[in-house]
Amino acid sequence: MLFLFILVAGAVLSYVGPWWVIAPVCFAGCWWLPRHAASAFWQSAGAGALLWVGYSVYLHLATGSGLAAQVAGIFTGGAPFAAGTGGMVLMLVVSALVVALVSGFSGLAGLRMRQLARPGRRRGE
Amino acid sequence: MTKLIKHIWPLAIALLLIYVFHHAWGVLPPLGKLLSPFHGYFQNTDAGKAGGGSEITLRGVTDEVVVRYDDNAVPHIFAQNDEDLYFAQGYVIARDRLWQMEFYTLVAAGRLTEVVGGAALEYDRFNRRMGMARSAEAIAERLAADTVAKKVLDAYAAGVNAYIAQLDYKDLPVEYKLLNYAPEPWSPYKSILMLMNMRNTLNGGSNDVRLTHVLAKYGPEVVADLFPNYPAMESPIVPEGTVWDFNPMAVPPVPQEVTVSPDSGLLAFSVPAPRPEVGSNNWAVGGSRSATGLPILANDPHLQLTLPSIWYQMQLSSPSVNVYGVALPGTPAIIIGFNKDVAWGVTNVGSDVMDFYRTRFRDSTCREYWHDGQWKPTTMYVETFTVKGGDELQDTLYYTHQGPVVYHKPSTTGYTDRVPVGYAMRWVTNETDGADVLTFHYLNRAKDYSDYRAALAYFTAPAQNFVFSSNDGDIAITSNGKLPLKWEGQGKYLLDGTLAAHDWQGWIPREQNPAVRNPPRGFVSSANQFPADTTYPYYLDWRFAHASRALRINERLEAMTTATADSLRDLQNDNFNVDARRILPRLLRGLATDDSIRRSAEYDALERWDYRNDADAVGATIFESWLDKLCDAVWADEFPGNEQLLYPSLDRTYQLINHEPDAKWFDNVLTADTVETIDAIICGSFRRTVSALRERFGELSADGWAWSSVKNTRIMHLVPNFTSFGRTGIVNGGGSSIVNATSGTHGPSWRMVVQLDSEWPQAYGLYPGGQSGNPGSVYYDNMIGRWAHGELDTLLFLKTVDEQSPRLRRQVVLKPKK
């Protein structure tokens with residue numbers, strides 16, 4: 063449920079909002095749909111990463127553009143491993159990492175802040 | 003408290019991460035924005051398949067403008083008045099090339115530090131000291147008072163700005179995202195800056211200091227012998243024997259002193275030499291030589307090959323004009339192109355329009371300088387540089403009446419440690435009269451020869467050989483632009499800033515610039531060679547581009563009788579090496595004197611070579627690599643590079659090898675006890691060439707030594723670090739002295755052939771890149787393959803807005819905002 067919420071709300075809001083809109087989505091999701099700390103972190107991180115990687119892969123396939131590998135080439139100084147698919151994968155891994163960290167900690171923050179605000183209503187602990 | 007920390011730390015970390023990924027760190031752009039597929043570079047992926055139509059409502063257009071895109075992403079703009087037309091041109095170019103056009107203006111204005119940081123400071127400083135930004139400002143200010151120029155430039159700028167106003171971060175060209183900055187508003191001043199870049203590229207070189215050193219070392223006789231004012235082999239633009247039908251002005255007398263001796267204490271000079279690989283070809287054959295009985299015109303300007311390409315194809319149509327061709331991103335109108343009645347193209351003239359004057363300042367404040375018997379005040383300007391991140395630096399510029407003093411005091415950083423101090427520069431680029439943009443505005447609308455001549459009159463710089471043809475049968479070529487009136491040889495060397503006689507003495511009357519219309523030989527052509535032979539009454543320069551391309555073009559045109567557009571396309575791709583024909587037989591005779599060389603595979607390859615720089619030619623590889631080493635072997639001993647001495651030209655070197663084999667220059671003065679013969683020089687330099695080639699490419703092999711792999715033509719992105727946005731390993735022939743002037747980094751940046759017709763012209767063309775400046779688009783580089791093969795696209799030149807064509811793909815309608 064949390065995973066799905068982040069995926070759907072994250073997608074809709076990312077269309078109109080700034081890149082970091084995924085953070086309040088995870089925060090809110092973990093506030094309203096509380097669970098274990100580990101689960102809040104990993105579901106948020108996983109949903110955020112899936113959202114970015116999934117949409118990236120969709121755009122890549124839809125346009126057939128090799129731009130991801132070219133951007134990888136710029137950041138790696140044209141290293142051979144970053145050419146073609148390798149570069150695309152590298153860029154997806156880095157973007158997954160960035161969004162997973164932001165989403166995961168935002169999710170965890172949502173859970174903890176709720177615990178701080180309403181200490182009596184813990185569930186699953 | 004512990005509880006508070008326990009609950010708050012994830013929030014703190016989340017906020018910290020957002021902060022970190024939202025900001026740039028050093029060269030690293032904001033990763034959150036960049037990597038989000040909803041905002042970052044993934045938004046720049048584009049399949050280019052969008053079809054159908056769309057409407058955009060804009061403030062700034064007065065009527066509906068229809069933009070139809072064809073299968074090569076070329077926009078065909080149909081507007082109902084000229085303001086809307088140039089508004090739409092700006093809007094449409096910005097959609098495809100915004101980053102590129104702004105980047106050019108930052109270069110010309112010396113503002114790169116603002117987007118790439120302190121590393122560009124000395125380059126910026128150099129460009130500001132050359133005076134281009136200041137001159138562009140003056141030109142823009144003057145053109146604001148010209149009704150037509152103002153209308154065109156303002157409308158164009160408004161169109162670009164209408165596009166910029168629509169942009170969010172996610173819509174920005176990917177370079178902005180990677181370098182982390184945003185576009186500024188456009189203005190007519192920036193369109194002029196764009197033209198300043200062309201002036202700099204085409205007129206921004208000088209041999210003056212290097213030749214002055216030669217004069218100081220060897221004296222006037224040697225200079226007269228080795229650096230003559232006209233080459234041994236030439237085929238000038240205005241055919242020999244053409245009568246000059248004007249009364250020339252009095253040419254200023256040559257003063258007693260023609261130069262200043264270079265200061266021994268000065269460091270070497272870093273103004274670049276004229277770039278031999280920046281040149282161009284154009285020609286037109288008349289009806290007597292064409293299959294249709296009407297003229298056919300061809301043009302291919304050679305520039306540094308870059309992505310995005312320097313050119314952008316488009317059709318511009320309004321009630322006053324219907325023209326097709328290429329535009330420079332950032333500048334209104336079509337620069338090279340055709341309409342229903344006429345076609346035109348340009349090559350660089352490249353005469354001497356940059357001179358340096360040693361300035362005698364009164365004291366170290368540089369406030370006054372001595373000229374014509376009195377102290378005169380310098381003009382001072384303070385230039386401010388903003389470095390990315392916020393630092394500001396200031397630099398004072400001093401101008402004499404000649405122009406900017408490029409460097410006025412010694413310094414140990416960057417460019418300045420290689421630049422002499424205290425020379426003022428007179429440079430045609432800093433001329434602020436004329437209206438180059440109007441030349442193109444009126445050429446776009448020209449109907450015949452008289453319109454063409456009238457349009458040329460507005461042009462200042464960089465002087466261009468404007469080739470022309472019309473469907474009433476005219477062909478013509480004019481070396482057009484402001485050409486300084488000089489005494490014979492003026493500016494061959496560094497000049498004396500204290501002498502009035504060394505100032506430029508006015509201008510050659512424009513109607514007396516070299517020009518020819520319908521010459522008896524039935525064609526006109528240019529390839530940056532001498533505009534005219536020695537009968538021309540004015541001094542233009544002592545040296546123009548090496549004549550090899552011109553010689554080949556003219557001999558092939560002489561042989562054409564029923565030329566078609568394809569004959570001219572074929573000539574654009576001609577790989578014949580005139581230099582090899584001229585000199586290789588003598589060189590092979592020299593090599594044959596050495597048995598070990600004569601038996602080598604390399605000698606064999608060279609002997610069997612057909613003088614064509616084709617992609618697979620091994621002979622071309624050996625010959626081209628050898629030429630440099632041969633020139634070094636002949637000249638490096640007397641003209642060592644560390645003394646900044648100019649080598650004699652290829653023409654003079656060939657002449658010596660073929661006709662003066664006993665010249666003293668062949669002896670290597672560094673070997674005191676032997677006298678080298680010409681054959682020893684030939685064999686020695688050949689051996690060095692072969693071992694260098696073996697070292698780099700292994701033993702001789704058809705693949706490894708193929709000319710295309712050694713030449714390695716590559717088309718790189720404008721940001722040198724963005725190598726993955728470039729294209730390398732392009733397989734093609736050619737060379738810098740070949741009609742197909744494709745070297746490793748330079749080449750035909752647009753090829754066009756226009757066959758005029760009484761009804762409707764048929765035109766062909768392409769350039770090595772694509773219409774889109776976006777590396778994520780299929781239209782970024784889609785023409786490169788066809789370009790390398792020497793093909794041309796058939797250009798779709800629509801008669802009306804409703805004309806149907808299966809090649810039309812989609813349509814954008816710009817609608818006025820009510």
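Those sequence lines, one after another, are chains P and U. Each number in my numbering comes from the position in the first sequence (counting from 1) with 62 added on. Each number in my numbering comes from the position in the second sequence (counting from 1) with 2 added on. No residue lacks a Cβ here, since even glycine has one placed at the ideal position from N, Cα and C. Since this is a predicted model, take the numbers as computed values, not measurements.
Judged by beta-carbon spacing, residue 309 of chain U lies within the 8 angstroms limit of residue 783 of chain U, meaning their Cβ atoms are closer than that value.
For residue 107 of chain P, no chain U residue has a Cβ inside 9 angstroms of its Cβ, as the nearest lies near 11 angstroms away.
Residues of chain P with a Cβ closer than 9 angstroms to the Cβ of residue 670 of chain U do not exist; the shortest Cβ-Cβ separation is about 42 angstroms. Between residue 499 of chain U and residue 296 of chain U, the C-beta gap is not smaller than 8 angstroms, which leaves the two residues out of contact. Counting only Cβ-Cβ distances below 7 angstroms, residue 43 of chain U has contacts in chain P at 129 and 133, in chain order. Counting C-beta pairs with one atom in each stretch, the region 506-525 of chain U and the region 476-485 of chain U have three or more that are closer than 8 angstroms, which means they touch. Residue 367 of chain U and residue 358 of chain U have their C-alpha atoms spaced approximately 21 angstroms apart. Among the residues facing chain P, residue 661 of chain U is not included, as its CB has no counterpart in that chain under 8 angstroms away.
Looking at the DSSP output, residue 55 of chain U shares a beta bridge with U/813. The Cβ atoms of residue 348 of chain U and residue 452 of chain U lie no closer than 8 angstroms to each other.
By the CB criterion at 8 angstroms, residue 160 of chain P and residue 23 of chain U fall inside the cutoff. In the pairwise beta carbon analysis, the region 335-345 of chain U is classified as not touching the region 99-109 of chain U: fewer than three pairs are separated by under 8 angstroms.
Chain U has a Cβ within less than 8 angstroms of the Cβ of residue 178 of chain P.
Excluding the 5 residues flanking it on each side, residue 596 of chain U has same chain C-beta neighbours closer than 6 angstroms at 685, in chain order. When secondary structure is reduced to three states using DSSP, residue 378 of chain U falls in the strand class. For residue 765 of chain U, the enclosing beta strand (DSSP E) stretches over residues 764-768. Residue contact check for residue 91 of chain P against chain U: no CB pair falls below 8 angstroms. Three or more beta-carbon pairs separated by less than 8 angstroms link the region 622-636 of chain U to the region 706-716 of chain U, which places the two stretches in contact. Using beta-carbon distances, residue 34 of chain U counts as an interface residue toward chain P, with a partner under 8 angstroms. Bridge pairing for residue 101 of chain U: absent [DSSP].
Around the beta carbon of residue 801 of chain U, fewer than 16 other beta carbons sit within 10 angstroms, so the residue counts as exposed.
Taking all protein chains in view, the Cβ of residue 396 of chain U is surrounded by fewer than 16 other Cβ atoms within 10 Å, so the residue is classified as exposed. From the listed residues U/746, U/286, U/354 and U/68, the smallest Cα separation to residue 344 of chain U is found for U/286.
The DSSP-derived three-state label of residue 743 of chain U is coil. Taking a beta-carbon distance threshold of 8 angstroms, residue 100 of chain P does not count as an interface residue toward chain U. Contact annotation: residue 20 of chain U and residue 85 of chain P have beta-carbon atoms nearer than 8 angstroms. Chain P places a beta carbon closer than 8 angstroms to that of residue 47 of chain U, counting this residue as a contact. In summary, residue 8 of chain U is exposed, with fewer than 16 beta-carbon neighbours lying within 10 Å of its beta-carbon over all protein chains present.
Burial of residue 196 of chain U is indicated by the presence of at least 16 other C-beta atoms within 10 angstroms of its C-beta. Of the other Cβ atoms in all chains shown, 16 or more fall within 10 Å of the Cβ of residue 719 of chain U; this residue is therefore buried. By the Cβ rule, the region 437-444 of chain U counts as touching the region 139-150 of chain U, because three or more pairs are nearer than 8 angstroms. With 16 or more other Cβ atoms from the protein chains shown falling within 10 Å of its own Cβ, residue 769 of chain U counts as buried.
For residue 85 of chain P, the C-beta contacts it makes with chain U under 9 angstroms involve 16, 17, 19 and 20, in order along the chain.
The C-beta of residue 752 of chain U has 16 or more other C-beta atoms within 10 Å across all chains shown, which makes the residue buried.
In this structure, DSSP gives residue 110 of chain P a helical state, which the three-state scheme calls helix. Counting only Cβ-Cβ distances below 9 angstroms, residue 148 of chain P has no contacts in chain U at all, with the closest Cβ about 12 angstroms away.
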